[in-house]
Structure formats: C-alpha cells, structure tokens
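A.B. asks:
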Amino acid sequence: MRLDDKVALITGAGGGIGRESALLFAAEGAAVVAVDINEASAAATAASIADGRAIHVRADVSSAGDCEAMVAAAEREFGKLNILFNNAGIMDSRDDDAVSTEESVWDLTMGINAKGVFLGCKYGIPALRRAGGGSIINTASFVSKLGAATPQVAYTASKGAVLSFTRELAVIHARENIRVNALCPGPLRTELLMKFLDTEEKKQRRLVHVPMGRFGEAREMAEAALYLASDESSYVTGTEFMVDGGITAAYVTPQ
Ligand code: NAD
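Position in the sequence shown (first residue = 1) + 7 = the numbering used here.
(1) Report, in whole angstroms, the separation of the C-beta atoms of Leu88 and Leu31, which I expect to be a contact under 8 Å.
(2) Tell me whether Ala95, by its Cβ, gets closer than 7 Å to a heavy atom of the ligand NAD.
(3) If I follow the unbroken alpha helix (DSSP H) through Phe248, where does it start and stop?
(4) Residue range of the beta strand (DSSP E) that Asp104 falls in?
(5) What first and last residue would you give for the beta strand (DSSP E) that runs through Asp73?
(6) Can you have a look at Val178 and say buried or exposed, based on whether 16 or more other CB atoms are within 10 angstroms of its CB?
(7) Could you work out which residue in Gly22, Leu170, Arg137, Lys202 is closest to Ala79 when comparing CA atoms only?
(8) According to DSSP, is His63 part of a helix, a strand, or is it coil?
(9) According to DSSP, which residues form a beta bridge with Phe92?
(10) Considering Cα atoms alone, identify which of Ala81, Glu247, Arg212, Gly141 is closest to Phe172.
(11) State the DSSP-derived secondary structure class of Pro192, mapped to helix, strand or coil.
(12) Does the Cβ of Lys13 have 16 or more other Cβ atoms within 10 Å, making it buried, or fewer, making it exposed?
(13) Within the segment 9-55, note down every full beta strand (DSSP E) run reaching 3 residues or more, in order along the chain.
(14) If distances are taken between C-alpha atoms only, which option among Met228, Tyr234, Ser241, Ser237 comes closest to Gly23?
(15) Between the alpha carbons of Asp103 and Ser142, how many angstroms are there, rounded?
(16) Given that a residue counts as buried once 16 or more other Cβ atoms are within 10 Å of its Cβ, and exposed if not, what is Lys202?
(17) Give a single yes or no on whether Asp205 has its beta carbon closer than 7 Å to a heavy atom of the ligand NAD.
(18) At a cut-off of 7 Å, is Ser69 close to the ligand NAD when judged by its beta-carbon and the heavy atoms of the ligand?
(19) Using the three-state DSSP reduction, which class does Gly220 fall into: helix, strand or coil?
(20) For Ala61 and Gly127, I'd like the C-alpha separation in whole angstroms.
(21) So is Arg212 buried or exposed if we call it buried at 16+ other beta carbons inside 10 Å?
(22) Consult DSSP for Ile263 and reduce its assignment to one of helix, strand or coil.
(23) Just mark Gly77 as buried or exposed, buried being the case when its beta carbon has 16 or more other beta carbons within 10 Å.
(24) Let's see if you can read the secondary structure: which residues bound the alpha helix (DSSP H) around Phe172?
(25) Please state whether the Cβ-Cβ distance between Gly19 and Asn120 is less than 8 Å.
See the structure below:
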C-alpha cells in the first residue's frame, strides 16, 4: 500500500477534505491522528477507521499548546510522525471587502488559516526530524493565485500567506528529507464553501469561472494529498499543487 508504515496527522479531520484524507490515508496503510476543534466530528472520523489505526485529538490549530499536544499525541500513540497535513481552515461569512470586514474577522481568519499552519509546522517539524524526514502538506487555495469574485479578503490573504510560507519552508528543509507542498483546491462542494455561497445565485456565479463547470469533491483533494504524502512524490517540494477544475489555467497568466 502507498502509505505502509507511515503515521499521518491531519488537522480539520472532522469534515470535508480532512475527513476524506483520513479515510483514504488509512486505507493506504497509514496510522492516522484525526485532529479537529470539533471533538465529536474528529472522533467520528477516527471511529470509521478500523483496528486501532486511528486516534482523535481535539485541538484548535490557532493555539500553540494544542498544536504541541497533538504532535505529542501522535508520537506517544504511534511512536513517530511521518506526514503532517495542515488542512484545518475557516471561511467566515462576515469576511468581505477591506472596508466592510471587521478587524476581529481578519484576526480570527489569519489566526486559524495562517498561524495555524505555522504552529503545526513549529511543533511538527521536530517530530518529522526525529522520524528521519517526512512530508508536510499545507492546504492553501486557488484564491492564493487570483482574486475571488465574491469578496473575502481575510481568507484570500490567509491563503497567500500559506503559499509563501510553504515555499520558504520547502527551501529551508529540503536537505533534511522534509518535503513541504501546498495543496491548492478549487471551489469544493464541502460545508465550508456551501455555507459561504449560500444562495443558488452565488453558487452559479462561482461556477461560471470553473472550466469543468462543477464544484470539486473532498475525495478528489484527498487523492491529490495522498500523492504528496506518499514516497511517489519523493522529488516534489515547494509546489503549488492546483487541483481546481482548471480555474487557474483559465485566469492566471504565467509570470
Ligand atoms: P470543512 O469546513 O468541511 O472542514 C474544515 C474542518 O476544519 C472542520 O471539521 C472544522 O471543524 C475544522 N476546523 C475549523 N477551525 C479549526 C481550528 N481552529 N482548529 C482545528 N480544526 C478546525 O472545510 P473543507 O472544505 O474540507 O476545507 C479544508 C481546507 O481546504 C481549509 O483550509 C479550506 O480553507 C481549504 N479550501 C477549501 C475550499 C472549498 O471550496 N471548500 C477551497 C480551497 C481551499
């Protein structure tokens, strides 16, 4: 199997991409630490994985103490950490243009989406070193490459931060056998986006821009993350892995 003998920690594992990734990584042989701020949903994900090959941890990724504890739980339970998938994120319905967005919404979004990835790496990288290397996957977004039609400035800025942070970490840790890649999903049919695009009109406005003409599925992101997590991507680091139904191909001009 593609992740035999690997231990993977996945944040935001209670739903969407994180949950699908937890199930897929486990099916490919990994032991999984399913992390979420919503303990019940993390527990449900872990419970769907058989034979004690998964645990759940309640953690808020914007808390340093929680991030330290989730990594410690992985090493305590499974002896090591090989794969760190910093995937938890929010899209606040109050996020808007620069004039309308409350400072508190900006801080909340940056705290989870950007600082949460930093804290995952801060505490996860020493564990990956102890394991002799590993793979970090940070969930960014297609909006880190282009402006979204529906204003969401805090979210977009947070994902830009994830992308540049990922690039720099990839360079810093390349000779330590630690690969760091960004997964850039297009618009997905998960709770996060469907709650934000809460009318049919808003959904259609977004879909107009997607060449494939449909929202992506969490499972399709999990398949891409599996490639980045596995040794099949052993020479891949610092990439922006676009899994976006063609949206950036349609709108982003090559530099
Ligand atoms: P989702 O809402 O289905 O799942 C996100 C999970 O993260 C939830 O289970 C939630 O409880 C958890 N979470 C939220 N705040 C947390 C915190 N502070 N600490 C720990 N866990 C927390 O969303 P999804 O669509 O699966 O999104 C996963 C990632 O993909 C996010 O980073 C999101 O920004 C990104 N993304 C999503 C889309 C999309 O269209 N859905 C597009 C591009 C990128």
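Quick reminder that beta carbons are idealized off the backbone N, C-alpha and C, glycines included.
Owing to the predicted nature of the structure, the values given are computational and were not obtained by experimental measurement.
C.D. replies: Looking at the atomic coordinates:
(1) About 18 Å; that fails the 8 Å criterion.
(2) Relative to the ligand NAD, Ala95 has its C-beta within less than 7 Å of a heavy atom.
(3) Here Phe248 belongs to no alpha helix (DSSP H); instead the beta strand (DSSP E) covers 247-250.
(4) Here Asp104 belongs to no beta strand (DSSP E), and DSSP marks it neither H nor E.
(5) Asp73: not part of any beta strand (DSSP E); member of the alpha helix (DSSP H) spanning 71-85, first to last residue.
(6) It is exposed - the Cβ of Val178 has fewer than 16 other Cβ atoms within 10 Å.
(7) Comparing alpha carbon positions, the residue from Gly22, Leu170, Arg137, Lys202 closest to Ala79 is Arg137.
(8) Here His63 sits in strand by DSSP.
(9) Phe92 is bridged to Ile17, Ile144.
(10) Phe172 has its Cα closest to that of Glu247, out of Ala81, Glu247, Arg212, Gly141.
(11) Looking at Pro192 - three-state DSSP - the assignment turns out to be strand.
(12) Of the residues assessed, Lys13 falls on the buried side of the cut-off, its CB having 16 or more other CB atoms within 10 angstroms.
(13) The segment 9-55 contains these whole beta strand (DSSP E) runs: 14-18, 38-43.
(14) The shortest Cα separation from Gly23 among Met228, Tyr234, Ser241, Ser237 belongs to Met228.
(15) Taking the straight line from one Cα to the other gives about 34 Å.
(16) Flag for Lys202 reads exposed.
(17) Not one heavy atom of the ligand NAD lies closer than 7 Å to the C-beta of Asp205.
(18) At least one heavy atom of the ligand NAD is nearer than 7 Å to the Cβ of Ser69, so yes.
(19) Coil at Gly220, not helix or strand.
(20) Going from the Cα of Ala61 to the Cα of Gly127 covers about 19 Å.
(21) Exposed, by the Cβ-count rule.
(22) For residue 263 there is no data in the structure shown, the boundaries of the chain being 8 and 262.
(23) Here the sequence assigns Met to residue 77, which means Gly is not the residue at that position. With 16 or more other Cβ atoms inside 10 Å of its own Cβ, Met77 counts as buried.
(24) For Phe172, the uninterrupted alpha helix (DSSP H) run begins and ends at 160-180, by DSSP.
(25) No, these two residues do not count as a Cβ contact at 8 Å.
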